[in-house]
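J.: Input: one structure, supplied below.
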Amino acid sequence: MARTVTNRQKAVTTVVVWIIALLIFFPILYTIITSFKSETEAIQGFNLIPSGTLESYAEVEAQRGYFRFFLNSVIISVGSTLLALVVAVPAAWSMAFSPTRRTKDVLMWMLSTKMMPAVAVLVPLYLIFARLGLLDNRVAITVMLTLINLPIVVWMLYTYFREIPGEILEASRMDGASLWNEIVYVLTPMAVPGIASTMLLNIILAWNEAFWTIQLTTTNAAPLTVFISSFSSPQGLFWAKLSAASTLAIAPILIMGWFSQRQLVRGLTFGAVK
Amino acid sequence: MGNITLQNVSKSFGATSIIPNIDLTIEDGEFVVFVGPSGCGKSTLLRLIAGLEDVSGGKIMIDGRDVTQEAPAKRGLAMVFQSYALYPHMTVRNNIAFPLKMAGEDKAVIDKKVTDAARVLNLTNYLDRRPGQLSGGQRQRVAIGRAIVRQPSAFLFDEPLSNLDAALRGTMRLEISELHQQLKTTMIYVTHDQVEAMTMADKIVVLNAGNIEQVGSPLELYRSPKNLFVAGFIGSPRMNLVSGQAADGMGGAATVGVRPEHIQISRDSGTWRGTVGVAEHLGSDTFLHVQTDQAGPITVRADGEVGLEHGETVFLTPVPSKVHRFDAGGLALR
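Protein chains in written order, with our numbering: chain A, 4 to 277; chain B, 1128 to 1461.
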């Protein structure tokens, strides 16, 4: 017998899901609300209705210059994503279509690097960056984030490529396609949805990466994560300004995520069900 | 030209030997069918010829040229896959044009060849559609179109009809045979369906566990199977094989085989007495499954109008000139 769901059960589930969603979203919502308060209002306690002042935004931009950080965030996240794809597409192709006995081990090993706490290699990496003069360098931090996210990019692409029937690639080989033509004319167009979701996810991950960007950049190469943290000063926390800075930092990625949520969900659940 | 010769070809995957050692010659223009049960190595053999798998030993020659180490595209062969393997993001036109584009053909030449192929295969009205918008039979025709525009020296078909329904399979079988008549190009066709093998082939290669059991024309295999495996595999319904006491007195054979159509049936007298079990009425014929006292279960092909029903007692007599005799090793006695 098929499982039946009564209207009452549906209503209860909907209410519960809404409550959970609001609880999860509330910190972000309260940050946005606080950004429209004055500093005095912000420290006065819990209040959901702001005065609507834009003074925090104006001050934040005047003090630190939002757009410089925004530009760095764009360069670092897009740059590291493109660089990761250049490495990951051929890697995932070879693992998906000509696997060896060790392919699974290599994949697991790559993933295991994500399990290591970043702080464990902070000192050696910081010293390497310092000695080579790479601190606060856009190229260096872009390469760093590429390497950090590479395992996830390879894994996602590998999962997508595995879904492409091998016979189609064999057909292209019979049709005289070279390896390059096979990747350009057959594999890549078929994997476009997968590559797009992988790109989106990687941009978000790189945009939000705070640990390494805060440690290894200060001004020239500093992205929005550094912009936010700079508002936590020795003189105390300025909640309204900090909230305005946070809102400005998350807004671009929130908007991008909103428009691409369908691709993202597909990307994250791809391969779960045949 | 499309002469293909396999010399001592073998293939193993790790320690598992799939094809121990095969020698085979395929003449130009022949329609050769590789047939055998699942896992007998027939698809692997086709893929070795195509170059999609590397041989473990031996040589593959096409028109006297050793192609063993050559890439698939350099062998001058075209392949039609079981899953059609069309490029889903390309239109029918671009699918058919793809091999020509890869060969660097002129655009005008490509257009002409694609148009000609589409006309031959009744695809003219579908050229701007994508494979997802076509039926199974149309997709298969696109796959064939992609193969014929290359004007290959031989076509390789890997179970191309197994994804189609029975009616369409019959139609496509005729279309492929017709195409062979028109093009006169060598075709190698892999199937596990012995009806396809019998109806389409000039020459059938029966494979079992990576070895060739027999090579011959459909009628040769039907009339003179070399061994028990071929006897049991070729023919539908399959040959009745009887051993033990019932086979005694039939020329010293350990096993005798008699096809369902070579058994006379009577209500009064005969060699084996039995009871009718299931009667399958096909209209033109009736297949009677008879449980005999002496020879065990026997299938008989009777007239479509035969009036025998479940539970009736009948007598069966094999036509003496049509009885196949096999020794204890399963080889045919001549």
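Quick reminder that beta carbons are idealized off the backbone N, C-alpha and C, glycines included.
Could you give the DSSP three-state label for Phe-39/A: helix, strand or coil?
T.: In the structure shown, Phe-39/A sits in coil (DSSP, three-state: anything other than H, G, I, E or B).
J.: Buried or exposed: which applies to Ala-121/A, given that a residue is buried once 16 or more other Cβ atoms fall within 10 Å of its Cβ?
T.: So Ala-121/A counts as exposed.
J.: For the beta strand (DSSP E) containing Val-1162/B, name the first residue and the last one.
T.: Counting along the chain, the beta strand (DSSP E) containing Val-1162/B begins and ends at 1158-1162.
J.: Just how far apart, CA to CA, sit Ile-1176/B and Ile-1187/B?
T.: Roughly 7 Å between the two C-alpha positions.
J.: Using the beta-carbon of each residue, which ones in chain B are nearer than 8 Å to Val-1/A?
T.: A query on residue 1/A cannot be resolved here, the shown segment of chain A reaching from 4 to 277 and no further.
J.: For the stretch 161-181 of chain A, which residues have a CB atom closer than 7 Å to at least one CB atom of chain B, in sequence order?
T.: Taking 7 Å as the Cβ-Cβ cut-off against chain B, the residues of the stretch 161-181 of chain A that qualify are Pro-168, Glu-170, Ile-171, Glu-173, Ala-174, Arg-176, Met-177, Asp-178, Gly-179 and Ala-180.
J.: With 7 Å as the limit, tell me which residues of the stretch 1229-1241 of chain B have their beta carbon closer than that to any beta carbon of chain A; keep them in chain order.
T.: Listed by position along the chain: Met-1229 and Ala-1230.
J.: So, at 7 Å on beta carbons, what are the nonlocal neighbours of Val-1276/B in its own chain, with the 5 sequence-adjacent residues on each side left out?
T.: Excluding positions up to five away in sequence, the list reads Ile-1223, Pro-1226, Leu-1227, Lys-1240, Val-1241 and Ala-1244.
J.: Kindly indicate which three-state DSSP category Gln-47/A falls into: helix, strand or coil?
T.: Correct three-state label for Gln-47/A: coil.
J.: When DSSP labels each residue in this structure, what does Asp-1412/B get in the three-state scheme?
T.: Here Asp-1412/B sits in strand by DSSP.
J.: Along chain B, in chain order, which residues have C-beta atoms closer than 7 Å to that of Pro-192/A?
T.: Here the neighbours are His-1216.
J.: Name the chain B residues whose beta carbon is nearer than 7 Å to that of Asn-184/A?
T.: Within 7 Å Cβ-Cβ: Met-1229.
J.: Helix, strand or coil, according to DSSP, for Asn-1367/B in the structure here?
T.: Of the three classes helix, strand and coil, the one that applies to Asn-1367/B here is strand, per DSSP.
J.: Phe-234/A and Ala-213/A: beta carbons closer than 8 Å?
T.: No, they are not a contact pair.
J.: Suppose you measure from the CA of Val-336/A to the CA of Gln-1260/B; what does that come to, to the nearest Å?
T.: Beyond the ends of chain A as shown, which are 4 and 277, falls residue 336/A; an answer cannot be given.
J.: Helix, strand or coil: how does DSSP classify Ala-1429/B here?
T.: It is a strand residue.
J.: Quick check on DSSP: helix, strand or coil for Ala-1459/B?
T.: Residue state, collapsed to three classes: strand.
J.: Going by DSSP, what residues sit across from Tyr-1316/B in a beta bridge?
T.: Paired residue(s): Val-1160/B and Phe-1284/B.
J.: Spatial neighbours of Pro-1199/B within its chain, please: C-beta separation below 7 Å, excluding the five flanking residues on both sides.
T.: Excluding sequence neighbours, Pro-1199/B sits near Ala-1177, Gly-1178 and Leu-1179.
J.: In this structure, how does DSSP classify Pro-1424/B when only helix, strand and coil are distinguished?
T.: Pro-1424/B falls in the strand class under three-state DSSP.
J.: Of the choices Tyr-161/A, Val-92/A, Leu-138/A and Tyr-69/A, whose alpha-carbon is the least far from that of Leu-110/A?
T.: The shortest C-alpha separation from Leu-110/A is found at Tyr-161/A.
J.: How many Å lie between Ile-217/A and Ile-253/A at the Cα?
T.: The straight-line gap from Cα to Cα measures roughly 16 Å.
J.: On the three-state DSSP scale, how would you describe Gly-1438/B?
T.: Residue state, collapsed to three classes: coil.
J.: Determine the chain A residues that contact Ala-1177/B at a beta-carbon separation under 7 Å, and present them in chain order.
T.: What Ala-1177/B touches in chain A: Met-177.
J.: Do we get a CB-CB distance below 8 Å when we pair Pro-1226/B with the residues of chain A?
T.: Pro-1226/B counts as touching chain A.
J.: Which runs of the beta strand (DSSP E) at least 3 residues long sit entirely within the stretch 1295-1341 of chain B? Give them in chain order.
T.: Here the runs fully enclosed are 1313-1318 and 1330-1335.
J.: Helix, strand or coil for Arg-71/A per DSSP?
T.: In the structure shown, Arg-71/A sits in a helix (DSSP, three-state: H, G or I).
J.: Taking Leu-138/A as the reference, which of Ala-224/A, Ile-31/A, Ala-45/A and Phe-241/A has the closest Cα?
T.: Comparing Cα-Cα distances from Leu-138/A to each of Ala-224/A, Ile-31/A, Ala-45/A and Phe-241/A, the minimum goes to Ala-224/A.
J.: With respect to the alpha helix (DSSP H) encompassing Ala-132/A, which residues constitute its N-terminal and C-terminal limits?
T.: Here residue 132/A is Phe; the residue named in the question, Ala, does not match the sequence. Taken as a continuous stretch (DSSP letters only), the alpha helix (DSSP H) holding Phe-132/A covers 125-134.
J.: Which whole-angstrom value describes the C-beta separation of Val-1136/B and Val-1194/B, a residue pair presumed to lie in contact below a C-beta threshold of 8 Å?
T.: Their Cβ separation, rounded to whole angstroms, is 12 Å, which puts Val-1136/B and Val-1194/B out of contact at 8 Å.
J.: Starting from the Cα of Phe-1442/B, find the closest Cα among Arg-1256/B, Glu-1407/B, Glu-1340/B and His-1416/B and give me that residue.
T.: Ranking the options by Cα distance to Phe-1442/B, first place goes to His-1416/B.
J.: Considering only their Cβ atoms, is the gap separating Phe-1208/B from Glu-166/A smaller than 8 Å?
T.: Cβ distance not < 8 Å, so Glu-166/A and Phe-1208/B don't count as in contact.
J.: What does Asp-1257/B touch in chain A if you count any residue whose Cβ is under 9 Å from its own?
T.: The sequence given here has Arg at residue 1257/B, not Asp. Within chain A, no residue comes near Arg-1257/B; the closest Cβ sits about 12 Å away, beyond 9 Å.
J.: Could you check which residue in Lys-1353/B, Gly-1384/B, Asp-1454/B and Gly-1404/B has the C-alpha nearest to that of Pro-1447/B?
T.: For the residues Lys-1353/B, Gly-1384/B, Asp-1454/B and Gly-1404/B, the minimum Cα distance to Pro-1447/B belongs to Gly-1384/B.
J.: Between Met-1206/B and chain A, is any beta-carbon pair separated by less than 8 Å?
T.: It does: the Cβ of Met-1206/B has a partner Cβ on chain A nearer than 8 Å.
J.: Comparing the C-beta of Ala-1281/B with each C-beta of chain A, is any distance below 8 Å?
T.: No, Ala-1281/B lies away from the interface with chain A (no Cβ there is under 8 Å from its Cβ).
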